[in-house]
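If you read the protein sequences in the order shown, they are chains S and G.
The opening position of the first sequence corresponds to residue 2 in this note's numbering, with each subsequent residue numbered one higher.
The opening position of the second sequence corresponds to residue 95 in this note's numbering, with each subsequent residue numbered one higher.
Idealized CB from N, CA, C, for every residue including glycine.
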Amino acid sequence: QKEVEQNSGPLSVPEGAIASLNCTYSDRGSQSFFWYRQYSGKSPELIMSIYSNGDKEDGRFTAQLNKASQYVSLLIRDSQPSDSATYLCAVSSMNSGYSTLTFGKGTMLLVSP
Amino acid sequence: SQTIHQWPATLVQPVGSPLSLECTVEGTSNPNLYWYRQAAGRGLQLLFYSVGIGQISSEVPQNLSASRPQDRQFILSSKKLLLSDSGFYLCAWSRAATGNTIYFGEGSWLTVV
């Protein structure tokens, strides 16, 4: 059973702080990693994807990947109240020769003004 | 640009009634298509995925079925709903290649009463 683990939270940070979200996965063969943001009652929307070890930055967001430790994280700098949402980590896995995504249960982030 | 539409947005159905959720993708051809379910307190669960017309793979045995009658149309059905079928159903698509990003539709809230 391929698993993706996330702390359910909530993670509470003040406005302007750095939020750090973490994720571990079990399938060593995974090659693609994604972070989605999901507002309450809405569908998930893609924030970032990362495929190689190291850091990838996009605006206020930085994704970090360490395949040896099977660990991926998302940093949100200068957190805003509008960042309050559930963040889903997703990891690719192969099923019968086709790639699908396995999702963690998500970490709820609360940014207080 | 590519868009994905899913309907109906919400529905309340009695136990034992049938179900039909539809999804269409525009702006791309031969997409991979997916149905996910998100139940309260649980992560996103992959129900079905399809790599082509008439090609459906099921991830979880249950009383749901999926069909792909056209290249960009994906349908989720049930002949008799159970209480446990309640949840947030999400259609999604990706380009026909391994490890590509999955994009979600707006979702359908199903309450079985």
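Looking at residue i: is its Cβ nearer than 8 Å to the Cβ of residue j?
i                       : j                      : result
arginine 131 of chain G : leucine 115 of chain G : no
tyrosine 1 of chain S   : leucine 47 of chain S  : Examination of residue 1 of chain S is not possible in this model, given that chain S is present from 2 through 114 alone.
glutamine 65 of chain S : serine 53 of chain S   : no
serine 180 of chain G   : alanine 103 of chain G : no
proline 82 of chain S   : proline 45 of chain S  : no
leucine 22 of chain S   : leucine 138 of chain G : no
serine 111 of chain G   : leucine 175 of chain G : yes
Please name the residue, chosen from the options, that lies closest to residue i on a Cα-to-Cα basis.
i                        : options                                : result
alanine 134 of chain G   : S:Ser113, S:Tyr72, S:Lys106            : S:Lys106
glycine 148 of chain G   : G:Val207, G:Val106, G:Gln164, G:Lys174 : G:Gln164
valine 109 of chain G    : G:Arg136, G:Asn157, G:Val119, G:Thr118 : G:Asn157
serine 33 of chain S     : S:Lys68, S:Ala20, S:Ser21, S:Leu12     : S:Lys68
serine 80 of chain S     : S:Val112, S:Glu46, S:Tyr88             : S:Val112
threonine 118 of chain G : G:Arg136, G:Ser111, G:Gln96, G:Leu175  : G:Gln96
arginine 162 of chain G  : G:Cys185, G:Gly137, G:Val207           : G:Cys185
proline 15 of chain S    : S:Ser85, S:Thr25, S:Ser9, S:Asn8       : S:Ser85
glycine 17 of chain S    : S:Leu76, S:Val92, S:Cys24, S:Gln7      : S:Leu76
alanine 91 of chain S    : S:Thr63, S:Asp59, S:Ser50              : S:Ser50
threonine 122 of chain G : G:Ile98, G:Arg136, G:Ser111, G:Leu113  : G:Ile98
leucine 113 of chain G   : G:Val207, G:Lys173, G:Gly199           : G:Lys173
threonine 101 of chain S : S:Thr87, S:Ser31, S:Gly42              : S:Ser31
Beta-carbon within less than 8 Å of residue i's beta-carbon, same chain only, minus the 5 sequence neighbours each way: which residues are those?
i                         : result
asparagine 124 of chain G : Gly146, Asp165, Ala190
serine 188 of chain G     : Pro125, Asn126, Tyr128, Asn194, Thr195, Ile196, Tyr197
alanine 160 of chain G    : Trp129, Leu141, Phe142, Ser144, Ile150, Ser152, Phe168, Ile169, Leu170, Ser171
Could you tell me which residues DSSP puts in a beta bridge with residue i?
i                        : result
aspartate 56 of chain S  : S:Gln65
lysine 115 of chain G    : As written in the sequence, residue 115 of chain G is leucine, which differs from the lysine given in the question. In the DSSP output, where bridge partners are listed per residue, leucine 115 of chain G has G:Leu170.
valine 92 of chain S     : S:Phe34, S:Thr103
valine 112 of chain S    : S:Val14
glutamine 100 of chain G : G:Cys117
Can you list, in chain order, the residues of its chain with a C-beta nearer than 6 Å to that of residue i? Leave out the 5 residues immediately preceding and following it.
i                       : result
lysine 3 of chain S     : Ser27, Asp28, Ser94, Thr103
proline 11 of chain S   : Met109, Leu111
asparagine 8 of chain S : Thr108
aspartate 56 of chain S : Thr63, Gln65
tyrosine 72 of chain S  : Thr25
aspartate 59 of chain S : Met49
alanine 20 of chain S   : Val14, Ile77, Ser80, Leu110
Might you give, ordered along the chain, the residues of its own chain that have their beta carbon closer than 7 Å to the beta carbon of residue i, omitting 5 neighbours on each side?
i                        : result
threonine 205 of chain G : Val106, Ser180
tyrosine 183 of chain G  : Leu115, Trp129, Arg131, Leu170, Gly201, Ser202, Leu204
arginine 61 of chain S   : Ile77, Arg78, Asp79
valine 154 of chain G    : Gln139, Leu141
- Task: Name, going along the chain, the residues of the stretch 161-191 of chain G whose beta-carbon falls closer than 7 Å to a beta-carbon of chain S.
- Result: Leu184
At a CB distance below 9 Å, what residues from the stretch 39-61 of chain S approach chain G? Give them in sequence order. Gln39, Gly42, Lys43, Ser44, Pro45, Glu46, Leu47, Ser50, Tyr52
_chain S contacts made by the stretch 134-154 of chain G, where a contact means CB separation under 9 Å_ = Gly135, Arg136, Gly137, Leu138, Gln139, Leu140, Tyr143, Val145, Ser151, Glu153
Contacting positions in the stretch 98-127 of chain G - beta carbon closer than 8 Å to chain S: Asn126
TODO: Pull out every residue of the stretch 16-31 of chain S whose Cβ sits closer than 8 Å to any Cβ of chain G, in chain order.
DONE: none
task = With 8 Å as the C-beta to C-beta threshold (strictly closer), list the residues of the stretch 87-109 of chain S near chain G in chain order.
result = Leu89, Ala91, Ser93, Met95, Asn96, Ser97, Tyr99, Ser100, Thr101, Leu102, Thr103, Phe104, Gly105, Lys106, Gly107
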